[in-house]
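*Asks:* Okay, here's the structure, questions in a sec.
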Amino acid sequence: MKKLILGLAILFTLSANASATTQWRDGDGSNTVLGSISPSTIDTAIYTNIVSPLDNLLAVQRQGLRLTYASAATITVESGASVNSNSTGTIRLFGRNSSSTTLSWADIDTGAEANSTTYHVYSFHSATSDTTLGFKISASASAPTGATYYQKLGSFYNDASGNITNITNNDFKPRYYDSGWFAVAASTAYTKTHNLGTQKILPIVFFSPNSDGSGEVTVNTVTDTAIGGSGSSAAAGAHVGAITATSFSVRCAAHVAFFLNDNGTKNGGDQDVTTYTSGYARVVAMALE
């Protein structure tokens, strides 16, 4: 009888190590498949403590594969990797492409191009043995026709003229460029390299009279009319131009900056303004795609 009681006590102790979780290990070993676990529960422990937490991560895993504009009728999928799943999520397939792929309307899953329509772009596996990715354009927001294992990367709008516009990425993370403060002078242009990968950027030019950005700071604007009674008919301020996918030019006018003093009330019949012909500028730009 003593041996039976001792055996049952050992069995219950071993079984108690298999705690249920759908998250990764807690750090104390309680949710790890330990060597002392009961053989009768090891399958459940492996699924609960390893397979299920990893499946939650892999269900939406994607690296790169950013959608970018190529032309009015084509779109580029940049290099990267994704996990493509079947509709029930019981199979996850891994794929990676080392170079960019340009898609055209030949890559639509079914039918023909339609104007004024939102389309979706998917990565997919044509077979479980594939290690490289294929891509499809589809009007369906849930699944591409003819693909069993897939993941949606993003979408775009084909406008009334049949031009690709409004590209969005499902995992879009805003990308920013910050030039930091740099010296500027009147009637001079400065080239800055932003490397945001698109011409569609939203830049803001800040001005300060001091190199550390202290003092009177203003968001620069441009005017092509005289500034009150300053007697200048030249443009004042600075703006961003000559934008490419990697750089832009900060162009300073006869005054690199100006701003209204106080509330901009009249001063002797003229606007009360301060102008600068030199100082320091800083450009912050956000990519819009």
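According to this note's numbering, the residues represented by the sequence shown are 11 to 299, in order.
Every residue, glycine too, gets a C-beta built ideally from N, C-alpha and C.
On a predicted model such as this, the values are computed, not experimentally measured, just so you know.
1. Taking residue 119 and residue 148 to be in contact with their CB atoms under 8 Å, please state how far apart those CB atoms are, rounded to whole angstroms.
2. Rounded C-beta distance between residue 159 and residue 94? I'm assuming under 8 Å.
3. Hey, out of 80, 177, 79, whose CA is closest to residue 127's CA?
4. CB-CB under 6 Å to residue 115, same chain, minus the five flanking residues each way: which ones, in chain order?
5. Classify residue 188 as helix, strand or coil using the three-state DSSP reduction.
6. How should residue 154 be labelled, buried or exposed, when 16 other C-beta atoms within 10 angstroms of its C-beta is the threshold for buried?
7. Label residue 156 either buried or exposed according to how many other C-beta atoms from any shown protein chain fall within 10 Å of its C-beta, with 16 as the threshold for buried.
8. Return the residue from the list 185, 138, 134 that minimises the CA-CA distance to residue 162.
9. Using the C-alpha atoms, what's the distance from residue 179 back to residue 142?
10. Please state the DSSP three-state secondary structure of residue 224.
11. Report the three-state DSSP secondary structure of residue 157 (helix, strand or coil).
12. Which residue from 117, 264, 88 puts its Cα closest to that of residue 106?
13. Strictly by DSSP, which residues pair up with residue 121?
14. Is it right to say residue 290 is buried, meaning 16 or more other beta carbons lie within 10 angstroms of its own, or is it exposed?
15. Where DSSP assigns a beta bridge to residue 195, which residues make up the other side?
16. Can you give the Cα-Cα distance for residue 201 and residue 252, rounded to whole angstroms?
17. Helix, strand or coil for residue 110, going by three-state DSSP, please let me know.
18. In angstroms with no decimal places, state the Cα-to-Cα distance between residue 217 and residue 85.
19. Between the alpha carbons of residue 223 and residue 191, how many angstroms are there, rounded?
20. On the CB-based measure, 16 or more other CB atoms within 10 Å of its CB, does residue 174 come out buried or exposed?
21. According to DSSP, residue 70 sits in a beta bridge with which residue or residues?
22. Measuring alpha carbon to alpha carbon, tell me which of 167, 92, 97, 188 ends up nearest residue 144.
23. I'd like the list of long-range same chain contacts for residue 198, defined as Cβ closer than 7 Å, with 5 residues on each side in sequence excluded.
24. Under the rule that 16 or more other beta-carbon atoms within 10 Å means buried, what is residue 186, buried or exposed?
25. Using only the alpha-carbon positions, how far apart do residue 76 and residue 112 sit?
26. Between residue 110 and the rest of its own chain, which residues show a CB-CB distance below 6 Å, the 5 nearest in sequence each way excluded?
27. So, helix, strand or coil for residue 49, using DSSP?
*Replies:* With the structure as the only source:
1. Distance from residue 119 to residue 148 at the Cβ level is roughly 4 Å; contact confirmed, criterion being Cβ atoms closer than 8 Å.
2. Right, their Cβ atoms sit about 4 Å apart.
3. Residue 127 has its Cα closest to that of 177, out of 80, 177, 79.
4. Here residue 115 has 123 as same chain residues with Cβ atoms under 6 Å from its own Cβ, once five neighbours each way along the sequence are excluded.
5. Residue state, collapsed to three classes: strand.
6. It is buried - the Cβ of residue 154 has at least 16 other Cβ atoms within 10 Å.
7. With fewer than 16 Cβ atoms within 10 Å of its Cβ, residue 156 is classed as exposed.
8. Restricting attention to 185, 138, 134, the CA atom closest to the CA of residue 162 is found in 134.
9. Looking at the two C-alpha atoms, the distance is approximately 20 Å.
10. In this structure, residue 224 counts as coil in the three-state DSSP scheme.
11. Reduced to three states, the DSSP call for residue 157 is coil.
12. With distances taken between Cα atoms, residue 106 lies closest to 88.
13. According to DSSP, which records beta bridges pairwise, residue 121 is partnered with nothing at all.
14. Under this definition residue 290 is a buried residue.
15. According to DSSP, which records beta bridges pairwise, residue 195 is partnered with 288.
16. Spanning the two alpha carbons is a distance of roughly 9 Å.
17. Residue 110 falls in the coil class under three-state DSSP.
18. Straight through space, the alpha carbons of residue 85 and residue 217 are spaced by roughly 37 Å.
19. In this structure, the straight-line span from the alpha carbon of residue 223 to that of residue 191 is close to 7 Å.
20. Residue environment for residue 174: buried (at least 16 other C-beta atoms within 10 angstroms of its C-beta).
21. Note: residue 70 sits in no beta bridge, so no partner.
22. Measuring from the Cα of residue 144, the nearest candidate turns out to be 92.
23. These residues qualify, in order along the chain: 262.
24. Residue 186 is exposed by the Cβ-count criterion.
25. Looking at the two C-alpha atoms, the distance is approximately 12 Å.
26. Non-local C-beta neighbours of residue 110 in its own chain, meaning closer than 6 Å and more than five positions away in sequence, comprise 86, 88, 89, ordered along the chain.
27. Three-state DSSP puts residue 49 in a helix.
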